[in-house]
Amino acid sequence: MLAELSLIVAYTFIFGSMYLGIALGFTLTTGVLRVFNLAYGAIFLIAVYGTWMFWNDLGFGLIESIVLAIALVSLFTYAVYRIVILKFAELEDYMLAALVAVFVIIEELIAYAYPEIVGVYLPTTIYGELVSFGEANVPGQYVVTAFVSLAMLAVYLLFFTRTKNGFIMRAISQDMFASKLVGVNFNRTFALAMIIASIPPAIIMLLISPIWALNPYIGWSVFTIAILVAVLGGLGNLKGSVIAAYIIGLIQASVGFMLDPRLMLLVALVVVMAVLIVRPKGLARAETIW
Amino acid sequence: MKMGKTMIGLGLIFAIVLLGCTETPKTTPTPVPTTPIETTPAVTTVVQTTPTTTPIAEKTPTTVVTTPSSTPPSLTGEIKVCALYDTRIPAFKANVEALKLAIEEINAQGGIMGKKLELIHQDTQRKVDIAITAYRSAVIEKGCTVVFVEGVSEEVMALLEEGARIYPSHPHIMISPQAGMESTLKVIEDYEKYKFFFRSLPSDPEMNYKVTKVFFDIAKDVVRAKKVALFLEDASWTKCAREGCTYNTKFGSISSKAMKDWVKEEYGLDVVYVSNLAVGEKNFLPILETAAARGAEFIFVLSSWYTDTTTLTKQWASSSARNIPIAFFGGTAQWINAWSLTGGASLGTIVMTYDYEDIPLANSNAGVIIKKLHERGISLDTSTHYAYSEMLRVKEAMEKVGNPDDIDKVIKAIEELEFKNHTIHRAEYMFFGYQNPNFHSYTGGPTMIAQFQCGGKPVYIVPSDVLAKGGYVEESEKVQPDAYKSPAELRKTCK
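Protein chains in written order, with our numbering: chain A, 1 to 290; chain B, 1 to 495.
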C-alpha cells in the first residue's frame, strides 16, 4: 500500500508537471490571443522531426539542431499567425478549420518524409537512471522533464509579472478593447505571444521523446492533453492550468496504479466533464492570463 | 477573435474525438505469429478430427495429386496479382514489397507457364468501403486472379462476402494474414462458398497457445524465471489468451485455456500480474511499475502492430522493470531496426524476429530474401515472409494444375500441396488442407526467438530441444540459448 501511495504521489508530480509543460503554450495562446489554436499539435512534431532533420540529415550537432528546430517551430507559429489567424480573424469557424488543416498537412508531410520505419530517435536523455521517491522509483528523465516544466512556468511568471511585454499581454487578456485604446501594438504582441507559446511544448517533447511514443501521428495524443488541461483550467488562465495539470496528473496516477491503466485518459475526461458541468468556465475563469 | 463558452464545448468535443482517434477499435490486427508444429494435424488442446463428406484434402501433406487440367493452358497474356494494402502502415508496405520481389523473381525465371505476372497495388486506407471497391475493381475490372489483402478483420470479413458473390463469375483466390478465427470458420462451414480464401496465419487457439509457448520455454529454461507478468493486447485475436476459447467445427473442436492458466499448469510459473493493453496506449509505466512491484521475473507481451512496442520498450528501459527480461510477440519489436527506433533501449529485449540476414534457418533462401528486402529499405516481420512465400505457393500450385486460369483446380492444388519453399516455416505448419479447424489456415508451432544483445545484434536463444521436437533439427543446432544474458548484465557489458 505504501509503495502504491508512493507511486501515486510521485507520478502525480511527474504527470502533472509534464502536462503543465505541454499545455503552457496552448494556455498562453488562448489567454492572450483568445484563439483556440488547433495547429498547436504540429509544434510537437516539428520540434522532434526538425531536430532529427538538422541532426541526422543535414549533419548539424545535436545542440545546434535543437536550437534550429526551436527556431523552426517559432517560424512555423509566426507563419500560422500571419497566414491563418490574421487572415481569418473575423471568421472564427473558418479559422478553426484552417488550423486543423495546417496540423494535418504538417503531419502528413512528416509521415511522408519520415515514416516510422526510418527509426527516428533523439538522444536527448539528460538523466537515464531511476530516481527513488519513498518506495517508488521513477525514470530520471521524467523527473528532469518535470523540473524543466516548472522552470518554464517560473520564467513565464517572471515574464508576466516583471516585463513590459508581459504586462501588455496581461492587459490584452484582461480587456482587449481598453488595450487598444491605450495604443497597444496588437500585431506585434500577438506574434510575440505565438512565438513564446511555441517554445515550452517543443522543449517538453524533446525531453520526453526518449521515453515517449515517437511517430508522425503522435501530435494528436499530446495535443489531447494540452486541450484537457487548458479547458479544465479555464482556457487561458495560467493559475487554472497549473491546478488542472496536477488534478489530471493525480487522476491518471490514481487510476493507473489503483484501478486500470487503460482507464487513465477516459477517467480524466469524465472528471473534466463533471467539473465543467459544475463550473462551465473551468477552474479559474479566463478573465486574465494570471 | 472572441472566444466564448462554445470554445470550451468545442475543446471537450475535440478532446473526446482525439481520445477516439488514439484508441483504434478492436480491428484485429496482423499479429505476426509464426511457425507451426507437429506433423499430425494437431491443434491446440483438443482436436477431434471428424471425417467429413466434403471432398477436400488429405489429412496429411502429400505431394500434389491434382490431375492436369483438361483445359489447354493459355500461354499468352498475364497473370494479374492484386495487393490491397494501406502502405502507410510499415508492415503492409513490407508485404507489398515482398510480393513485388517474389513476382520479379518469378518473372525472371520465365513467369508461370510462360505467363508473366503483373502486380497491381491498390490502397485500401484500411477502410471497409474503400477496400470493397478496390477488391471489386481488382477482380472484375483488372482481372486479378490472385488477391492479397491486408490483415484487418473487418475488411477481410466484408471482402469474404463480396468475394463469394463474385467468385462464380470471376474465380479468384484471396490470401490474407487476417487474425481472427471467424474467417476460417466460414471456409470450414461453407466450403463451396468461401473456398477461395486462405488465411496465412494459424487459427486463434494455435496462435495464442502453440505459437506463444516457446516464450515460456525461454522464461523457464533460459531465463530461469519463476514469476511472470502477462501484458495482453486487448484485441479480438487475443481472446483465447485473455479468456480462453473453444471453437466447434465440423472437422472437430479446437480450444485453448486462458494464458494465465496454461502458463501455470504447464510450466509451473506463477502469474503475478496480468494486464490488458489498450490498442493505441502510450503510457505503459503504471503496468511496468506494477509488474516490478509484484516481483515479476519475466514479462511477456502479446502484441501486434496495434501495440506501440517501441514506446513500451523505451519506457521499460527507463522504469523499475528494466532489469526484468521482457519478451515481445509482435510489432515493431520484431524489426532489427527496433534498436535504432528505441535508441538502443531494446538492449536485452527478447523478440520473435525473422528480420536478421544471418538468421539460423535451414532454408538458406530466408537470409537472401531478408537481405534483398533490406536493400529496398524494408524491415521484415513474419507477415512479410508469409506474403513472399504465399506467392511462391500459388506459382507451384498453378504449375501443378497446368493451367493458371483454372482457379477451382488451383485452389484444390493449394490445399494439397506440400509446400517446401516457405522462407521461414516447415511444410507441415504451412499445410492448408488439414481437415481440422486449421483448414485453409496455418498451424502453430515453435518460432525463432532472439535477444537483442550488444549493438542490437540478435542472438537466437530458443531452447534447442524445443526446436528439435518441432522438427527444426538443423536450426536447433545453431541456436545459442546459453548465450542469454540478463538485461542488467548487458547494460554493464555493452558500451
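We put the beta carbon where it would ideally sit given N, CA and C, even for glycine.
Taking B:Glu-357 as the reference, which of B:Leu-380, B:Thr-133, B:Tyr-267 has the closest Cα? For this step, residue 357 of chain B is matched to residue 357 along the second sequence. Nearest of B:Leu-380, B:Thr-133, B:Tyr-267 to B:Glu-357, Cα basis: B:Leu-380.
By the criterion of Cβ-Cβ separation under 7 angstroms, what are the contact partners of A:Pro-115 in chain B? In the first sequence, residue 115 of chain A corresponds to position 115, counting from 1. Under the 7 angstroms cutoff, chain B gives Pro-90.
For B:Phe-432, count neighbouring C-beta atoms within 10 Å of its own C-beta (all shown protein chains included) and say buried if the count is 16 or more, exposed if not. Here residue 432 of chain B is taken as the residue at index 432 of the second sequence, counted from 1. Classification of B:Phe-432: buried, given that the 10 Å Cβ count is 16 or more.
Counting only Cβ pairs nearer than 9 angstroms, list the residues of chain B close to A:Tyr-127. What you label residue 127 of chain A is simply residue 127 of the first sequence in a count that begins at 1. What A:Tyr-127 touches in chain B: nothing, since even the nearest Cβ is about 10 angstroms away.
Close Cβ partners of B:Lys-80 (< 7 angstroms) along its chain, the five nearest in sequence each way excluded: Translated into positions along the second sequence, residue 80 of chain B becomes position 80. So the qualifying residues of the chain are Glu-118, Ile-120, Lys-142, Gly-143, Cys-144, Thr-145.
Taking only three categories from DSSP, how would you classify B:Tyr-543? Any answer about residue 543 of chain B is impossible in this case: the structure gives chain B only from 1 up to 495.
Examine the Cβ distances between the region 132 to 152 of chain A and the region 203 to 222 of chain A and report whether three or more of them are shorter than 8 angstroms. yes
Would you verify that the beta carbon of A:Phe-318 is, or is not, closer than 8 angstroms to some beta carbon of chain B? Outside the displayed range of chain A (1 to 290) lies residue 318 of chain A, so it cannot be described from this structure.
Only counting the same chain, and skipping five residues up and downstream in sequence, which positions put a Cβ closer than 6 angstroms to that of B:Ala-275? Counted from its first residue, the second sequence places residue 275 of chain B at position 275. Before going further, note that residue 275 of chain B is Ser rather than Ala in the sequence given. Counting only Cβ-Cβ distances below 6 angstroms, and skipping sequence neighbours, we find Phe-231, Ile-287.
Could you work out which residues of chain B lie near A:Ser-254, taking near to mean beta carbons separated by less than 7 angstroms? Within the first sequence, residue 254 of chain A is the residue found at index 254, counting from 1. Under the 7 angstroms cutoff, chain B gives no residues; its nearest Cβ is about 10 angstroms from A:Ser-254.
Neighbour list for A:Tyr-121 in chain B, Cβ cutoff strictly below 8 angstroms: Translated into positions along the first sequence, residue 121 of chain A becomes position 121. Chain B residues near A:Tyr-121: Ser-340, Leu-341, Thr-342, Gly-343.
Just the C-alpha distance for A:Val-120 and B:Thr-246, rounded to the nearest angstrom, thanks. For this step, residue 120 of chain A is matched to residue 120 along the first sequence. For this step, residue 246 of chain B is matched to residue 246 along the second sequence. Distance between the alpha carbons of A:Val-120 and B:Thr-246: 42 angstroms.
Between B:Val-501 and B:Met-174, how many whole angstroms is the CB-CB distance? I'm expecting something under 8 angstroms. With chain B covering 1 to 495 only, the question about residue 501 of chain B has no answer from this structure.
Counting only Cβ pairs nearer than 8 angstroms, list the residues of chain A close to B:Glu-281. Within the second sequence, residue 281 of chain B is the residue found at index 281, counting from 1. Correct list: Pro-261, Arg-262.
Of all Cβ atoms in chain A, is any one closer than 8 angstroms to the Cβ of B:Lys-372? Translated into the one-based positions of the second sequence, residue 372 of chain B becomes position 372. With 8 angstroms as the cut-off, B:Lys-372 does not count as an interface residue toward chain A.
Host beta strand (DSSP E) of A:Phe-133 (start-end): Locating residue 133 of chain A in the first sequence gives position 133, where the first residue counts as 1. From DSSP, the beta strand (DSSP E) with A:Phe-133 extends over 130 to 133.
Would you say B:Lys-314 reaches chain A, if we count a Cβ-Cβ gap shorter than 8 angstroms as a contact? The sequence position of residue 314 of chain B within the second sequence is 314, counting from 1. By this cut-off, B:Lys-314 is an interface position.
In chain B, what lies closer than 7 angstroms to A:Asn-56 by C-beta? Indexing the first sequence from 1 puts residue 56 of chain A at position 56. By Cβ distance, chain B contributes nothing, its closest Cβ being about 10 angstroms from A:Asn-56, past 7 angstroms.
Could you tell me whether the Cβ atoms of B:Thr-342 and B:Thr-310 are closer together than 8 angstroms? Taking the first residue of the second sequence as 1, we reach residue 342 of chain B at position 342. Taking the first residue of the second sequence as 1, we reach residue 310 of chain B at position 310. Their beta carbons are under 8 angstroms apart, which means B:Thr-342 touches B:Thr-310 by this criterion.
On a Cα-Cα basis, can you pick out the residue from B:Asp-217, B:Ala-292, B:Ser-253, B:Arg-426 that is closest to B:Ile-461? Against the second sequence, residue 461 of chain B aligns to sequence position 461. Closest option to B:Ile-461, Cα to Cα, is B:Asp-217.
Helix, strand or coil at B:Lys-400 according to DSSP, with G and I counted as helix: Here residue 400 of chain B corresponds to residue number 400 of the second sequence, with the count starting at 1. Note: B:Lys-400 maps to helix in three-state DSSP.
Measure the CB-CB distance between A:Ser-65 and A:Phe-54 and report whether it falls below 8 angstroms. Indexing the first sequence from 1 puts residue 65 of chain A at position 65. Indexing the first sequence from 1 puts residue 54 of chain A at position 54. Result yes, Cβ atoms of A:Ser-65 and A:Phe-54 sit closer than 8 angstroms.
Please identify the residue among A:Gly-183, A:Trp-220, A:Gly-21 whose C-alpha is closest to the C-alpha of A:Val-104. Reading the first sequence from its first residue, position 104 is the one you call residue 104 of chain A. Checked all of A:Gly-183, A:Trp-220, A:Gly-21; the closest Cα to A:Val-104 is A:Trp-220.
Have a look at B:Ala-511 and A:Ile-22 and give me their C-alpha separation to the nearest angstrom. Here chain B comprises residues numbered 1 to 495, so residue 511 of chain B is not present and cannot be evaluated.
Where does B:Asp-270 fall in DSSP's three states? Working through the second sequence from its first residue, we reach residue 270 of chain B at position 270. Three-state DSSP puts B:Asp-270 in a strand.
Among the candidates A:Met-18, A:Gly-31, A:Ala-3, whose CA atom is the shortest distance from the CA of A:Phe-133? Here residue 133 of chain A corresponds to residue number 133 of the first sequence, with the count starting at 1. Answer by Cα proximity: A:Ala-3.
Quick check on DSSP: helix, strand or coil for B:Asn-323? Start at 1 with the first residue of the second sequence, and residue 323 of chain B comes out as number 323. Reduced to three states, the DSSP call for B:Asn-323 is helix.
Is the Cβ of B:Glu-396 closer than 8 angstroms to any Cβ of chain A? Counting from one through the second sequence, the residue named residue 396 of chain B turns up at place 396. Judged by the 8 angstroms Cβ criterion, B:Glu-396 is not in contact with chain A.
Determine the direct distance from the alpha carbon of B:Thr-349 to that of B:Thr-332, and round the result to whole angstroms. In the second sequence, the residue the question calls residue 332 of chain B occupies position 332. In the second sequence, the residue the question calls residue 349 of chain B occupies position 349. Between B:Thr-332 and B:Thr-349, the C-alpha separation is close to 12 angstroms.
Kindly indicate which three-state DSSP category B:Ser-256 falls into: helix, strand or coil? Locating residue 256 of chain B in the second sequence gives position 256, where the first residue counts as 1. In the structure shown, B:Ser-256 sits in a strand (DSSP, three-state: E or B).
Could you name the residues that DSSP lists as bridge partners for B:Gln-122? The residue you call residue 122 of chain B lines up with position 122 of the second sequence. Answer is B:Leu-84, bridged to B:Gln-122.
Taking DSSP's pairing of strands, which residues face B:Lys-227 in a bridge? On the second sequence, residue 227 of chain B is found 227 positions in, with the first residue counted as 1. B:Asp-270.
Assuming B:Ala-427 and B:Lys-420 are in contact, meaning their beta carbons sit under 8 angstroms apart, how far apart are those beta carbons, in whole angstroms? What you label residue 427 of chain B is simply residue 427 of the second sequence in a count that begins at 1. What you label residue 420 of chain B is simply residue 420 of the second sequence in a count that begins at 1. Between B:Lys-420 and B:Ala-427 the Cβ distance is about 5 angstroms, and since that is below 8 angstroms, they are a contact.
Just the Cα atoms here: how many angstroms apart are B:Ala-229 and A:Val-100? Locating residue 229 of chain B in the second sequence gives position 229, counting from the first residue. Locating residue 100 of chain A in the first sequence gives position 100, counting from the first residue. The alpha-carbon atoms of B:Ala-229 and A:Val-100 are separated by roughly 41 angstroms.
For A:Asn-165, would you say it is in contact with chain B, using Cβ-to-Cβ distances shorter than 8 angstroms as the test? For the purposes of this step, residue 165 of chain A is identified with residue 165 of the first sequence, where counting begins at 1. By this cut-off, A:Asn-165 is not an interface position.
Within 8 angstroms, strictly: CB atoms of B:Leu-160 and B:Tyr-442: Indexing the second sequence from 1 puts residue 160 of chain B at position 160. Indexing the second sequence from 1 puts residue 442 of chain B at position 442. Not closer than 8 angstroms, so no.
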